[in-house]
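Numbering (the numbering used here), first residue to last: 4 to 274. Glycine is no exception: its CB is placed at the ideal position from the N, C-alpha and C atoms. Since the structure comes first, as structure tokens, the remarks are kept for the end.
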């Protein structure tokens, strides 16, 4: 069941918060004090409304609806929550100019093109697998957005054109440190996702493991992140190499889940 008023309000709050944040950053103003509280409050209001809308679309009589657009909206909601929570303890406010509007757009897409693919949670293993995988994808998505900000910052600094937006960003070393913290935690959760996926496959299909495109791409993403973390630890990787490996790993994850679902649900019309 859709609620046009709640959809519109959530979408508006996401875009207003992202717009206000972008406006301050473009002026080179670091978001602090009352401005930070105001933007955070708008974002919090948006994710609360988003949660209510997700509840009505995800939980059905037949099970949990993990079709393409509801799943995309769910990931975006978790990313927005992680962003808001992280912004209280880390200098990541700048990420909101991408995360908040995109979260709003996922709501709009799901509203206009609702999908239906019910999955019955037959055990606690199934529920744990879904929760861990959503957290892993969300954390690594947050790290990918952080890497994009780093890429923009590096290009401006090397081009000797530090505009207002770049002046408002934290030092590159600080941003890299936060990005690798996200990747490290996301990598641990991704590892648990792959392990629990073996048992999840057994409970849903009766087979212990199926090497589908989804599984192969997810394992490749895990390998990319593993190489990145080892490179950081042993060789001190930073800058563009770290950014490229981060984006490469996330691109594989994106293809592993949403790419597979797009092919199945949109191109092949399989629920």
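DSSP, read as helix, strand or coil, puts residue 68 in strand. By the Cβ test, the region 32-50 is not in contact with the region 59-76, since fewer than three Cβ pairs between them sit closer than 8 Å. Boundaries of the alpha helix (DSSP H) harbouring residue 237: 216-238, taken from the DSSP string. A straight line joining the alpha-carbon of residue 215 with that of residue 260 spans about 11 Å. Taking the CA atoms as reference points, residue 114 sits about 17 Å from residue 103. Excluding the 5 residues flanking it on each side, residue 109 has same chain C-beta neighbours closer than 6 Å at 75, 76, 79, in chain order. In this structure, the beta-carbon distance from residue 229 to residue 189 does not fall below 8 Å. Within the DSSP bridge table, the entry for residue 62 names 67 as partners. The three-state reading of DSSP puts residue 42 in helix, counting H, G and I together. Taking 8 Å as the cut-off, the beta carbon of residue 240 is found closer than this to the beta carbon of residue 231. Take residue 57, set aside five residues on each side of it, and the residues of its chain with a beta-carbon closer than 7 Å to its own are 76, 77, 80, in chain order. For residue 10, the uninterrupted alpha helix (DSSP H) run begins and ends at 7-29, by DSSP.
Straight-line spacing of the CA atoms in residue 93 and residue 182 works out to 11 Å.
Taking residue 139 as the centre and dropping the five residues before and after it, the same chain places the C-beta of 189, 192, 193, 196 closer than 6 Å to its C-beta, in chain order. Judged by DSSP secondary structure, residue 247 falls within the alpha helix (DSSP H) whose first and last residues are 242-257. Secondary structure note for residue 107: its alpha helix (DSSP H) is the uninterrupted segment 99-115.
Using a 10 angstroms sphere on the CB of residue 160, the tally of other CB atoms stays under 16, which defines it as exposed. Straight across, the Cα-Cα distance linking residue 237 with residue 131 is about 33 Å. Look at residue 201 here: in three-state DSSP terms it is helix. Annotated as proximal: residue 143 and residue 253, with beta-carbon spacing under 8 Å. Rounded to whole angstroms, the gap between the alpha carbons of residue 32 and residue 218 is 44 Å.
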